[in-house]
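To convert, count from 1 in the sequence shown and add 465; that's this note's numbering. For each residue, glycine too, the CB sits at the ideal point set by N, CA and C. Because the structure is a prediction, the values reported are computed rather than measured.
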Amino acid sequence: MVSAGRERRAVPNVPPRLNTRSVAEAVASQLRTRILDGDLVDGSELPPEAVLLEQFPVSRPSLREAFRILETEGLLTVRRGKRGGTIIKHPTPDTAAYHVGLLLHARRTSLEDLATARNLVEPLSAEQAARRRDHRRIGRKLAALSAEAESYLEDGVAFTELAADFHQELVNAAGNQTLQLLVGVIESIWDTQELTWAKSAVDEGQYPEVNLRREVLRAHVRISEAIENGDAAEAVRLTRGHLKATSQFVSAAGGQVRVLDDYGSRRQSRLS
466 MVSAGRERRA VPNVPPRLNT RSVAEAVASQ LRTRILDGDL VDGSELPPEA
516 VLLEQFPVSR PSLREAFRIL ETEGLLTVRR GKRGGTIIKH PTPDTAAYHV
566 GLLLHARRTS LEDLATARNL VEPLSAEQAA RRRDHRRIGR KLAALSAEAE
616 SYLEDGVAFT ELAADFHQEL VNAAGNQTLQ LLVGVIESIW DTQELTWAKS
666 AVDEGQYPEV NLRREVLRAH VRISEAIENG DAAEAVRLTR GHLKATSQFV
716 SAAGGQVRVL DDYGSRRQSR LS
């Protein structure tokens, strides 16, 4: 058994008389820094407990408590069974979206409220994309997504997914990491709510008719062209009008933001 005195000596810069939780938080802080700095590779296994107990000569309960802290933060995943281990997970925008979704759910935020926020901030991404030096490349890639979606006009759920891809890639094209993250979180939360609506609408025969789906594609094409032409003002105007016209289908259904478990799980970024 490791004594409390040993725990105090083991963790650098830890004041004396710390309880197990405080020691665990100090260990978690150091491991967190190594994960975020990239010293611990995403998807790899954390070293075995015995190795970590050499690096952090604390008690086993303190080390495991540190694991629980990081698991709660989404930075570790504990895998059970014969092939068990502790897997490192670098944070992603979808991680942030999940936690923001928890807050919105807890505050009983309406879908209309979420739609309003999205309609305010996503046009900023379109503006920034049009101002980039490689705006022509971005416009062409966005147009390619619209062309792909045209093949799924008869499939409401697949069409919704591909339309969401267009908006996510538009956000990714902003070229500003902070804007991309903040707007991307809202977009990711909206996409999951919209997909839930689409599945229900298809099942109930209430999904918008094909002519309205074609109008969505035409709007996407016009936004793509504005970005390709480097016309930031037009890109903003078109994006704002498009969002206002389409978000009403989901927000008009009423209801509140619900926490879902698949933020970003079906989608990978296609813009490099």
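Spatial neighbours of residue i in its chain, beta-carbon cut-off 8 Å, leaving aside the 5 residues before and after
| i | result |
| --- | --- |
| R597 | I603, A638 and G640 |
| R667 | It should be noted that the sequence gives Val, not Arg, for residue 667. Excluding positions up to five away in sequence, the list reads G621 and V622. |
| E519 | none |
| L703 | A591, A684, R687, I688 and A691 |
Beta-carbon proximity check, residue i vs residue j, cutoff 8 Å
| i | j | result |
| --- | --- | --- |
| L505 | A531 | no |
| E510 | R525 | no |
| A562 | S712 | no |
| D507 | H555 | yes |
| V686 | T574 | no |
| A692 | H600 | It is Ile, not Ala, that sits at residue 692 in the sequence shown. For I692 and H600, yes; Cβs fall inside 8 Å. |
| L627 | L607 | no |
| W662 | R583 | no |
| L618 | V675 | yes |
| E615 | L677 | no |
| A700 | A629 | no |
| T560 | G546 | no |
| A576 | V715 | In the sequence under discussion, the amino acid at residue 576 is Leu, which differs from the Ala named in the question. Result yes, Cβ atoms of L576 and V715 sit closer than 8 Å. |
| T537 | V543 | no |
| V565 | V650 | yes |
Supposed close pair residue i, residue j - CB separation, criterion 8 Å
| i | j | result |
| --- | --- | --- |
| L589 | L644 | 6 Å |
| P558 | L646 | 6 Å |
Assigned exposure category for residue i - 16 Cβ within 10 Å defines buried
| i | result |
| --- | --- |
| V516 | exposed |
| L567 | exposed |
| Q593 | buried |
| S665 | exposed |
| G720 | exposed |
| E659 | buried |
| A698 | exposed |
| E587 | buried |
| T657 | buried |
Simplified DSSP assignment, three categories, for residue i
| i | result |
| --- | --- |
| G550 | strand |
| R544 | strand |
| S575 | strand |
| Q520 | helix |
| Q671 | coil |
| E592 | helix |
| A718 | coil |
| E699 | helix |
| E652 | helix |
Cβ shell of residue i (< 6 Å), same chain only, five flanking positions each side left out
| i | result |
| --- | --- |
| I633 | For clarity, residue 633 is Gln in the given sequence; the question names Ile instead. Closer than 6 Å at the Cβ level, and outside the excluded window around Q633, lie E652. |
| A710 | none |
| P477 | Because the pLDDT of P477 is 46, which lies under 50, any placement of that residue in the model is unreliable, and the number read from its coordinates should be weighed accordingly. Excluding positions up to five away in sequence, the list is empty. |
Residue i Cβ short of 7 Å to the ligand NAP heavy atom set
| i | result |
| --- | --- |
| E514 | As far as ligands go, the structure on display features none, and thus does not contain the ligand NAP. |
Cut-off 7 Å between Cβ atoms - residues of its own chain near residue i, not counting five sequence neighbours on either side
| i | result |
| --- | --- |
| V492 | V476, F521, V523, S527, L528 and A531 |
| E490 | I534 |
| A595 | A691, I692, G695, D696, A697 and A700 |
| S689 | G604, L607, A608 and S611 |
| L625 | In the sequence under discussion, the amino acid at residue 625 is Thr, which differs from the Leu named in the question. So the qualifying residues of the chain are E659, L660 and A663. |
| G706 | none |
| I500 | L540, I553 and H555 |
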